[in-house]
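*Asks:* Last residue of the sequence shown: number 242 in my numbering, and the count goes up by one each step with no gaps.
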Amino acid sequence: MKKNVNACLICGAPLVYLPEEKPMECAGCGRTFSANAMCENGHFICDDCHRAPALVVIRQRCLQAEDTDPIALAEKLMQEPTVHMHGPEHHVLAGAALLTAYHNVTGKPGLEANLEKMVQRGKQVPGGTCGFFGCCGAAVSAGIFGAIVLESTPLSEETWGKANLLTSQCLANEARLGGPRCCKRNVYMSILTTVKFLREEMGVQLPIPPRTVCRFSHKCRECLESRCPFYEKK
Ligand SMILES: [Zn+2]
Ligand SMILES: [Zn+2]
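So, in structure tokens, the structure goes:
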């Protein structure tokens, strides 16, 4: 029996998704939001309350990190207790690991300011966009990383194309595996796709392990197991 980790943060019950959004009061901060996910006992936690503690930790760890391997750094961040099995904190985590490794490899200054941009942009990507928008937030996180290091804006020409190309490559690689969603699988896939993009499009080489192995499959009720390239049977 798998431990039920992708579940209500209040009572541990499984989450249910409603076909329509409705106003719900957050059990963390008491604010009311239009939302469509709650637990079987009716608890709703807003995106801010779900990811706020994790974002503080992600920023701190990245500023202190000497890692040049973004997969190794992402794995350390995902082992932080405030980072849940699934959740919108991964929409900052993937890009933050990439940014940190990129700055550590290239020696370029400005990591702290770029991490701030990553947090501000990544936290605008709501939970559940993979299924509801057809656009996984871990792929968007890699795209935000690309937009930051390419200094792309909506009016840019070449860099506009490159940033959107990066996101699209991440999405395509994730999409081929099918669902259900897994924030760990999609963080790994978007980072590996970005490492290849950096090498081919920008001449920057980030070191990665010979094989990426997921250490979280025992916590994921919906794990694809043998259909996930990162799954390793225990
Ligand atoms: Zn609950
Ligand atoms: Zn809240």
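Every residue, glycine too, gets a C-beta built ideally from N, C-alpha and C. From a predicted model like this one, the values you see are computed outputs, not experimental measurements.
(1) Mapping DSSP to helix, strand and coil, what is Val4?
(2) For ligand 1, is there a heavy atom less than 7 angstroms away from the beta-carbon of His51?
(3) With DSSP collapsed to three states, give me the class of Glu120.
(4) Within the region 21-69, note down every full beta strand (DSSP E) run reaching 3 residues or more, in order along the chain.
(5) Under the three-state reduction of DSSP, which class applies to Ala15: helix, strand or coil?
(6) For Glu48, which option in Pro22, Ala171, Cys191, Glu88 has the closest C-alpha, if you only look at C-alpha atoms?
(7) At which residues does the alpha helix (DSSP H) containing Phe238 begin and terminate?
(8) Between Trp168, His92, Gln213, Cys144, which lies nearest to Ala180 when the distance is taken from Cα to Cα?
(9) So is the beta-carbon of Asp56 under 7 angstroms away from any non-hydrogen atom of ligand 2?
(10) Please classify Thr90: does DSSP put it in a helix, a strand, or coil?
(11) Closest to Pro217 by CA distance: which of Glu208, Asp75, Ser149 is it?
(12) By how many angstroms is the C-alpha of Gly20 removed from the C-alpha of Met210?
(13) Let's see if you can read the secondary structure: which residues bound the alpha helix (DSSP H) around Gly103?
(14) Compute the Euclidean distance between the alpha carbons of Cys231 and Phe224, then round it to the nearest angstrom.
*Replies:* Reading it off the structure:
(1) Past the edges of the chain, shown from 9 to 242, lies residue 4, and the structure says nothing about it.
(2) yes
(3) helix
(4) 23-33, 40-47
(5) strand
(6) Pro22
(7) Unbroken run through Phe238: none, as it is neither H nor E.
(8) Cys144
(9) yes
(10) coil
(11) Asp75
(12) 44 angstroms
(13) 98-114
(14) 9 angstroms
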